[in-house]
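What follows is one structure encoded as structure tokens, with my remarks underneath.
Residue numbers (this note's numbering): 1 to 208.
Set out below in structure tokens:
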């Protein structure tokens, strides 16, 4: 499978890359150790071989496989912070999975609305202020909450809220809280991540 082959190649590249300093690897190793213990205790009925971890305070997303950080990307979570409620415009925490992937043939900065490419292409905004509203571009991964009463069901259902990982024209805001609840990524980054993981991949969002 394409995503599994690509992850294997990336992992091999990390082993021999000089661009990933030992100090950074040590920090990532400590982070993964914490996550592994946390997930084993809190979600013991699930197996976490390859998963995404969104660290809201760090404004980063990590692809973790085999207890190693394979890739990490800067992101933007909600401008209004962390929260579960519908209409809050906040990013929900907890365990999710990628329920749907949309846009594998959409061009870079192609605008996606209601899971369909509109045929229009957005202009990139590299300034550190909002310019596009909440335009969704390039690729979309819809998230489905897996914790009843936390991010699934009632007025806290992440899927019904439309929580996604997606591209944005407002790349100048990536790395700081700026979204309406989703996890925004740079367009080339979302293309890379989209190709690395299959639907069904677990996504853990924590406020740390």
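Cβ coordinates follow ideal geometry from the N, Cα and C atoms, glycine included. From a predicted model like this one, the values you see are computed outputs, not experimental measurements.
Considering only residues of the same chain and omitting the five flanking positions on each side of residue i, which have a CB-CB separation below 6 Å?
i: residue 72; result: 60 and 62
Buried or exposed, going by whether 16 or more other CB atoms sit within 10 Å of the CB of residue i?
i: residue 142; result: buried
i: residue 67; result: exposed
i: residue 188; result: exposed
i: residue 122; result: buried
i: residue 184; result: buried
i: residue 133; result: exposed
i: residue 171; result: buried
Based on the DSSP secondary-structure assignment, which residues constitute the bridge partners of residue i?
i: residue 55; result: 60 and 206
i: residue 100; result: 142
i: residue 30; result: Looking at the DSSP assignment, residue 30 forms no beta bridge with any residue, so it has no partner.
i: residue 68; result: 65
Within a Cβ cutoff of 8 Å, which residues of the same chain sit near residue i, ignoring the five residues on either side of it in sequence?
i: residue 208; result: 55, 56, 57 and 58
i: residue 201; result: 50, 51, 52, 97 and 98
i: residue 147; result: 94 and 95
i: residue 43; result: 95
i: residue 166; result: 112, 136, 137, 138, 139, 140, 141, 182, 183, 184, 185 and 190
Examine the ligand ZN and report whether any of its heavy atoms sits within less than 7 Å of the Cβ of residue i.
i: residue 102; result: Although the ligand ZN was asked about, the structure shown includes no ligands whatsoever.
Only counting the same chain, and skipping five residues up and downstream in sequence, which positions put a Cβ closer than 7 Å to that of residue i?
i: residue 116; result: none
i: residue 85; result: 155 and 156
| Between the region 122 to 138 and the region 64 to 77, do three or more beta carbon pairs fall short of 8 Å? | Inter-segment contact for the region 122 to 138 and the region 64 to 77 is absent: fewer than three beta-carbon pairs are separated by less than 8 Å.
| Which ranges would you report for the beta strand (DSSP E) in the region 152 to 179 if only whole runs of at least 3 residues count? | Qualifying beta strand (DSSP E) stretches, in chain order: 164 to 167.
| field | Meets three-Cβ-pair contact criterion under 8 Å: the region 147 to 159 and the region 168 to 177 | value | No: the two stretches stay apart, fewer than three of their Cβ pairs being nearer than 8 Å.
| field | Contact the region 97 to 104 vs the region 131 to 140: 3+ CB pairs below 8 Å | value | In the pairwise beta carbon analysis, the region 97 to 104 is classified as touching the region 131 to 140: at least three pairs are separated by under 8 Å.
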